[in-house]
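Just so we're aligned: the sequence shown equals residues 28 to 139 in this note's numbering.
Okay, so here's the structure we're looking at.
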Amino acid sequence: MALRLTDEEQAMLAGQRGPTLSRLLQMQVEVGEFFDAPDMVPVTSAHLMGDFDAMGVAGLEFIEGLVDSSLKCVVPTTNNPRSVDFGCWRQVGSGASVVEQEQRIVRALRQL
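Next comes the structure, spelled out in structure tokens:
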């Protein structure tokens, strides 16, 4: 069964709102087709797993790429607690590079 898309979704998939949004929607279409979903469902909120321990460098670069493409979240969005305590990272043994990468994630998520 083919996934039915609205006119708006078809336009996004065709790239009318940019290549990044098209790529993101294509990922969702592939998931929907895998599960034989008849159509997309409305999204009223979202949750991002946005901490460096979970995402790594690839996830950080992906989120920064979303920021670079000027995309914005259009529904209320939450994210995981930080994996670094910025107030006492040295005392708990977090590395400086992990702290810097976690701070980059925080900055990027705030821009979305």
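All C-beta atoms, glycine included, are put in the ideal place defined by N, C-alpha and C.
Bear in mind that the values here come from a model prediction, so they are computed numbers and not experimental data.
Q: Output the boundary residues of the beta strand (DSSP E) element that contains A73.
A: As a first step, residue 73 must be located in the sequence shown, where it is residue number 46. Segment 73–75, the beta strand (DSSP E) holding A73.
(Q) For P103 and Q128, I'd like the C-alpha separation in whole angstroms. (A) To locate residue 103, count along the sequence shown from 1; it is residue 76. To locate residue 128, count along the sequence shown from 1; it is residue 101. Those two C-alpha atoms are separated by around 24 Å.
Q.
My output table needs one value for T33: the three-state DSSP class, helix, strand or coil.
A. Against the sequence shown, residue 33 aligns to sequence position 6. If DSSP states are grouped into helix, strand and coil, T33 belongs with coil.
Q: Given a cut-off of 8 Å, decide if M39 and L30 are closer than it, judged by their beta-carbon atoms.
A: The residue labelled residue 30 in the question sits at position 3 within the sequence shown. The residue labelled residue 39 in the question sits at position 12 within the sequence shown. No, these two residues do not count as a Cβ contact at 8 Å.
Q | Anticipated Cβ contact below 8 Å, S124 with V111, distance rounded | A | In the sequence shown, counting from the first residue as 1, residue 124 sits at position 97. In the sequence shown, counting from the first residue as 1, residue 111 sits at position 84. At roughly 11 Å, the Cβ-Cβ gap does not stay under 8 Å, so S124 and V111 are not in contact.
Q) From this set, E36, T71, C115, which residue's C-alpha is nearest Q9's C-alpha? A) Only positions 28 to 139 of the chain appear in this structure, which leaves residue 9 out of reach.
Q) Grouping DSSP H, G and I as helix and E and B as strand, with all else coil, what is D78? A) Numbered from its first residue, the sequence shown carries residue 78 at position 51. If DSSP states are grouped into helix, strand and coil, D78 belongs with coil.
Q) Hey, would you say D78 sits closer than 8 Å to R109, going by beta carbons? A) Along the sequence shown, one-based indexing puts residue 78 at 51. Along the sequence shown, one-based indexing puts residue 109 at 82. Yes.
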